[in-house]
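Written below as structure tokens is the structure these notes are about.
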Amino acid sequence: MKLPSLEGCFSNEFVELLNSEDTSFKKISSGTVYDTSKVFEDKYLELLKHEKVTSGTTKNWAIGPFNPVTICDHKNSSPESIKLFTWLDKQEPNSVIYVSFGTTVSLTDEEVKEIAFGLEESGQKFIWVVREADKADIFDGVDRRVELPEGYEERGVESSEVGVVVRGWAPQLEILKHSSTGGFMSHCGWNSCMEGITMGVPIAAWPMHSDQPRNATLITEVLGTGIYAREWVRRDEKVTVAMVSDAVRRLMVSEEGCEVRKKAAELGVVVRQSVEEGGVMRKELDEFLGHITRQ
Numbered sequence: 115m116k117l118p119s120l121e122g123c124f125s126n127e128f129v130e131l132l133n134s135e136d137t138s139f140k141k142i143s144s145g146t147v148y149d150t151s152k153v154f155e156d157k158y159l160e161l162l163k164h165e166k167v168t169s170g171t172t173k174n175w176a177i178g179p180f181n182p183v184t185i186c187d188h189k190n191s192s193p194e195s196i197k198l199f200t201w202l203d204k205q206e207p208n209s210v211i212y213v214s215f216g217t218t219v220s221l222t223d224e225e226v227k228e229i230a231f232g233l234e235e236s237g238q239k240f241i242w243v244v245r246e247a248d249k250a251d252i253f254d255g256v257d258r259r260v261e262l263p264e265g266y267e268e269r270g271v272e273s274s275e276v277g278v279v280v281r282g283w284a285p286q287l288e289i290l291k292h293s294s295t296g297g298f299m300s301h302c303g304w305n306s307c308m309e310g311i312t313m314g315v316p317i318a319a320w321p322m323h324s325d326q327p328r329n330a331t332l333i334t335e336v337l338g339t340g341i342y343a344r345e346w347v348r349r350d351e352k353v354t355v356a357m358v359s360d361a362v363r364r365l366m367v368s369e370e371g372c373e374v375r376k377k378a379a380e381l382g383v384v385v386r387q388s389v390e391e392g393g394v395m396r397k398e399l400d401e402f403l404g405h406i407t408r409q
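Going by my numbering, the first residue of the sequence shown is number 115, and it counts up by one from there.
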């Protein structure tokens, strides 16, 4: 396995920010807390014990997932959420793909259009979260509404029931937990990865920047709980309807998709069990609390 190069992962502005940070805290740090789990990253955490990284020490504690593993019922949610889950309740198990690229991903108008038609072309039910971050240039200072193809939203839940477009924030954990949700097309930001892993949902990985290419490698090549929608090495290729629809169908209705869904579900069970009394996460947490409260 070859890790993706960091070249092109970070903007110049972000690199400058990292270089300007005060690192004097490392002199007094006694360890590092990670939002991950020994359930699936134990061997990498063991490697870190032999390296002085991040804090300048070798101690580390994996006390993830930080996100909840028990999700409250959505019946007391907003009217928009109630409408969304009423639609989701009507769908077959594992039949809906949830599509969200996080809060910092920028998509051009052309990419938005290709994704929109690609989801329709796939023939699979979907929930697509469209945020105002999905615009061509995050540095241009222009705030605008993401424009979908004419009539696209009206063709969704209101009529053909092909899919639902959610603008703004969406209850991601609740959607991922739902039995009708069978896949997650994601940019592979770490929070989204952890939430997908925790809820046992397979991921169609579409890394965009930062840590996402390497997170996608973990999901697809190490854990086997996802497939690539677009590999990092193909990041400069044009987004097409076929690219999107093929990725959706591979995850949702192919033998390959069934296999990664099975692995994802199995891993999700073990990760959720890890937070219970006597679980590996609880042991890590107890060790961490013991360390910071020692005399």
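Even for Gly, the Cβ is constructed at its ideal location relative to N, Cα and C.
Pair within 9 Å by beta-carbon distance, L117 and T407: Against the sequence shown, residue 117 aligns to sequence position 3. Against the sequence shown, residue 407 aligns to sequence position 293. Their beta carbons are not under 9 Å apart, which means L117 does not touch T407 by this criterion.
Cα-Cα separation, E398 to A176: Residue numbering aside, residue 398 sits at position 284 when the sequence shown is read from its first letter. Residue numbering aside, residue 176 sits at position 62 when the sequence shown is read from its first letter. Annotation: E398 to A176 spans about 6 Å, alpha carbon to alpha carbon.
Integer Cβ distance of I317 from G277, believed to fall under 8 Å: The residue you call residue 317 lines up with position 203 of the sequence shown. The residue you call residue 277 lines up with position 163 of the sequence shown. Between G277 and I317 the Cβ distance is about 18 Å, and since that is not below 8 Å, they are no contact.
Bridge partners - T146, DSSP secondary structure assignment: For the purposes of this step, residue 146 is taken as residue 32 along the sequence shown, with counting starting at 1. DSSP lists N174 as partners of T146.
W201, enclosing alpha helix (DSSP H) - first and last residue: Here residue 201 refers to the residue found at position 87 when the sequence shown is read from its first residue. W201 -> alpha helix (DSSP H) spans 193–203.
Residue interval of the beta strand (DSSP E) (run including R281): In the sequence shown, residue 281 corresponds to position 167, counting from 1. Where R281 is concerned, the enclosing beta strand (DSSP E) stretches over 277–281.
Beta-carbon spacing of S473, L233 below 9 Å: With the chain running from 115 to 409 in the structure shown, residue 473 is simply not present.
C-alpha distance - E130 paired with M308, whole-angstrom precision: As a position in the sequence shown, residue 130 is number 16, starting the count at 1. As a position in the sequence shown, residue 308 is number 194, starting the count at 1. Those two C-alpha atoms are separated by around 28 Å.
Contact check, S444 vs V394, beta carbons under 9 Å: Here the chain covers residues 115 to 409 and nothing more, so residue 444 does not appear.
Cβ pair count under 8 Å reaching 3, the region 286–304 against the region 199–213: These segments touch.
Rounded straight-line distance, which links the Cα of A230 to that of Y266: Residue numbering aside, residue 266 sits at position 152 when the sequence shown is read from its first letter. Residue numbering aside, residue 230 sits at position 116 when the sequence shown is read from its first letter. If you draw a straight line from the Cα of Y266 to the Cα of A230, it comes to about 8 Å.
Residue closest to K291, alpha-carbon to alpha-carbon, out of E155, E135, F180, C186: As a working mapping, residue 291 is identified with position 177 in the sequence shown. Selected option, being the one with the closest Cα: C186.
Nearest-angstrom Cα separation, counted from V279 out to F402: As a first step, residue 402 must be located in the sequence shown, where it is residue number 288. As a first step, residue 279 must be located in the sequence shown, where it is residue number 165. Looking at the two C-alpha atoms, the distance is approximately 42 Å.
Coarse secondary structure for W304, derived from DSSP in three states: Translated into positions along the sequence shown, residue 304 becomes position 190. Here W304 sits in helix by DSSP.
Simplified DSSP state of A284, which is helix, strand or coil: Counted from its first residue, the sequence shown places residue 284 at position 170. DSSP places A284 outside both helix and strand once states are collapsed to three, so it counts as coil.
Nearest-angstrom Cβ-Cβ length linking V219 and L262, presumed shorter than 8 Å: The residue you call residue 219 lines up with position 105 of the sequence shown. The residue you call residue 262 lines up with position 148 of the sequence shown. Not a contact, Cβ separation roughly 16 Å.
Closest by C-alpha distance to D203, when choosing among E275, T146, A356: Here residue 203 corresponds to residue number 89 of the sequence shown, with the count starting at 1. When E275, T146, A356 are compared, the shortest CA-CA separation from D203 is found for E275.
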